[in-house]
Every structure is written in C-alpha cells, then in structure tokens.
Amino acid sequence: MSAAAALARAEAAGVRLVLDAGGAVRMRASVPPSPALLADLRQHREAVAALLLERERAAFYQRAMGEAAQALAAPDPDLAAERAATAAAMAAEARGEHGHPLPAEAHQRDLAGLRGSAMQRPPSWADHDDRPGHGCRCSRCSGRLWWAAQLPSKDCTGIGPGWCCATCHPAPPGAATTEVRT
Numbered sequence: 038m039s040a041a042a043a044l045a046r047a048e049a050a051g052v053r054l055v056l057d058a059g060g061a062v063r064m065r066a067s068v069p070p071s072p073a074l075l076a077d078l079r080q081h082r083e084a085v086a087a088l089l090l091e092r093e094r095a096a097f098y099q100r101a102m103g104e105a106a107q108a109l110a111a112p113d114p115d116l117a118a119e120r121a122a123t124a125a126a127m128a129a130e131a132r133g134e135h136g137h138p139l140p141a142e143a144h145q146r147d148l149a150g151l152r153g154s155a156m157q158r159p160p161s162w163a164d165h166d167d168r169p170g171h172g173c174r175c176s177r178c179s180g181r182l183w184w185a186a187q188l189p190s191k192d193c194t195g196i197g198p199g200w201c202c203a204t205c206h207p208a209p210p211g212a213a214t215t216e217v218r219t
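By our numbering, the letter at position 7 of the sequence shown is numbered 44, and the numbering carries on one by one without gaps.
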C-alpha cells in the first residue's frame with residue numbers, strides 16, 4: 038500500500054492527520070483507528086508527512102491567489118486616472134490631434150528662453166581654459182566683463198585659476214589679468 042492510499046484510508050475512517058509546528062504527524066479521531074490502518078500509517082510515516090506538507094502548501098497558495106485576486110479587483114483611483122488619460126490620448130491621436138507642431142511664435146519664445154539660460158555663467162569658476170564665450174553674462178548681476186589671472190597660481194599662494202565677473206568679483210589692484218567682454 039502506498040502513502041497516498043494509507044492517507045485516503047485514514048481519512049475515509051474519520052481519522053484526521055495534521056502536521057504540528059515541528060513537522061511531526063499528529064492524529065485526531067473520534068474513534069480509535071484499526072490496528073491495520075495504524076500499521077500502514079507507521080510504515081509510510083515520512084511519505085505521509087510529505088503529502089500533508091504538500092497539501093498545506095497547496096492550500097496556502099490557493100489562499101494567497103484568492104487574496105491577490107481580491108486586491109487586484111479593488112478599485113484603484115490612480116490606475117483609473119492613468120487608464121483614462123491613456124484612453125483620452127489614444128482617442129486624440131485617432132482624431133489626428135497629436136503630432137502637429139506648436140506655432141512658430143511659441144517655438145521662438147521657448148528657444149529664446151533656452152538661449153538666455155544657456156548663456157548664463159556663475160560669477161566665478163575655476164577652469165582657466167573655459168573662457169567665457171560671446172553673449173555670456175553673469176547669472177548674479179548680468180555683467181558681461183570677465184577677468185582671469187594671466188599667470189594663475191595653482192598652489193593657493195596668489196590669484197587662482199579661473200574666470201570671474203568683473204562686477205561681482207573685481208580684480209585685485211595691480212594684478213596682471215586678461216579681460217574679456219562678452
């Protein structure tokens with residue numbers, strides 16, 4: 038007789054077999070089982086325990102799937118808003134409302150704003166080779182006159198390398214500087 042057959046016979050006889058917290062098989066019955074059934078269960082003790090564990094796992098996964106299905110079926114306002122926005126965008130695209138460029142005035146306005154912010158430089162920066170270009174202005178005072186030391190000191194004993202706005206950071210008197218007007 039197999040473990041599955043012994044387990045089926047025990048259940049048919051009204052014997053309930055369960056695993057305790059330690060994994061041992063425990064038996065509950067309203068009437069004592071027959072000696073032959075007990076012998077079969079003892080013979081297949083480990084296999085019966087494995088079958089009971091498999092049943093517990095299957096029941097756990099079944100409960101988890103049910104709980105997950107309930108959670109997914111619950112109304113989600115964020116998901117509903119996202120689906121509505123997607124549907125509206127798809128409908129607009131089907132009507133041909135997407136894909137048209139903005140008016141030229143809007144592009145020029147946006148481009149001017151981007152150019153203006155791209156031409157801003159900080160009041161000072163340390164890279165001597167990063168010379169301010171034509172149209173650059175100070176982000177603090179909008180000044181367009183820059184200076185840098187002709188022979189920058191990189192050992193912190195004099196004027197350091199880099200460029201400075203002449204309004205925000207005037208050059209030290211008598212220092213040999215290079216000036217650039219943008």
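Note that the Cβ used here is the ideal one computed from N, Cα and C, for glycine as well.
These figures come from a predicted structure and were not determined experimentally.
Quiz item: What do you reckon, are the CB atoms on residue 219 and residue 181 nearer than 8 angstroms?
Solution: Along the sequence shown, read from residue 1 onward, the residue named residue 219 stands at position 182. Along the sequence shown, read from residue 1 onward, the residue named residue 181 stands at position 144. Contact: yes.
Quiz item: What whole-angstrom Cβ distance do residue 171 and residue 185 have, given they're in contact under 8 angstroms?
Solution: Stepping through the sequence shown from its first residue, residue 171 is reached at position 134. Stepping through the sequence shown from its first residue, residue 185 is reached at position 148. No, residue 171 and residue 185 are not in contact; Cβ-Cβ is about 16 angstroms, not under 8 angstroms.
Practice problem: Measure from the alpha carbon of residue 162 to the alpha carbon of each residue in 196, 98 and 105, then state which is nearest. | Solution: On the sequence shown, residue 162 is found 125 positions in, with the first residue counted as 1. Comparing Cα positions, the closest option is 196.
Quiz prompt | Secondary structure, beta strand (DSSP E): runs of 3+ residues fully inside the stretch 193-218 | solution = 200-202 and 214-218
Exercise. Could you confirm whether any beta carbon from chain C is found closer than 8 angstroms to the beta carbon of residue 142?
Key: Absence of chain C from the displayed structure is noted, only one protein chain being present.
Exercise. Indicate whether the contact test is met: 3 or more Cβ pairs, each with one atom in the stretch 116-124 and one in the stretch 90-106, closer than 8 angstroms.
Key: no
Quiz item: Counting along the chain, where does the alpha helix (DSSP H) carrying residue 64 start and finish?
Solution: To locate residue 64, count along the sequence shown from 1; it is residue 27. It is not in any alpha helix (DSSP H) - residue 64 instead sits in the beta strand (DSSP E) that spans 62-66.
Quiz item: What residue from 47, 111, 109 and 147 has the CA that sits closest to residue 82's CA?
Solution: As a position in the sequence shown, residue 82 is number 45, starting the count at 1. Ranking 47, 111, 109 and 147 by Cα distance to residue 82 puts 47 first.
Self-check item: DSSP state of residue 78 mapped onto helix, strand, coil
Solution: For the purposes of this step, residue 78 is taken as residue 41 along the sequence shown, with counting starting at 1. Three-state result, residue 78: helix.
Quiz item: Which residue's Cα is closest to the Cα of residue 43: 77, 133 and 52?
Solution: Position 6 of the sequence shown, counted from the start, is the residue given in the question as residue 43. Looking at the Cα atoms, 77 is the closest of the given residues.
Practice problem: Quick one: grab the DSSP three-state call for residue 99. | Solution: Residue numbering aside, residue 99 sits at position 62 when the sequence shown is read from its first letter. In this structure, residue 99 counts as helix in the three-state DSSP scheme.
Quiz item: In terms of residue numbering, what span does the beta strand (DSSP E) encompassing residue 188 cover?
Solution: Here residue 188 refers to the residue found at position 151 when the sequence shown is read from its first residue. It is not in any beta strand (DSSP E) - residue 188 carries neither H nor E in the DSSP assignment.
Quiz prompt | Touching by the beta-carbon criterion (3+ pairs, under 8 angstroms), the stretch 98-109 and the stretch 64-77 | solution = no
Practice problem: Report the residue from 71, 217 and 50 whose alpha carbon sits nearest the alpha carbon of residue 167. | Solution: Stepping through the sequence shown from its first residue, residue 167 is reached at position 130. Answer by Cα proximity: 217.
Quiz item: Once you ignore the five residues that flank residue 187 on each side, which residues in its own chain have a CB closer than 8 angstroms to its CB?
Solution: For the purposes of this step, residue 187 is identified with residue 150 of the sequence shown, where counting begins at 1. Cβ neighbours of residue 187 beyond the five flanking positions: 213, 214 and 215.
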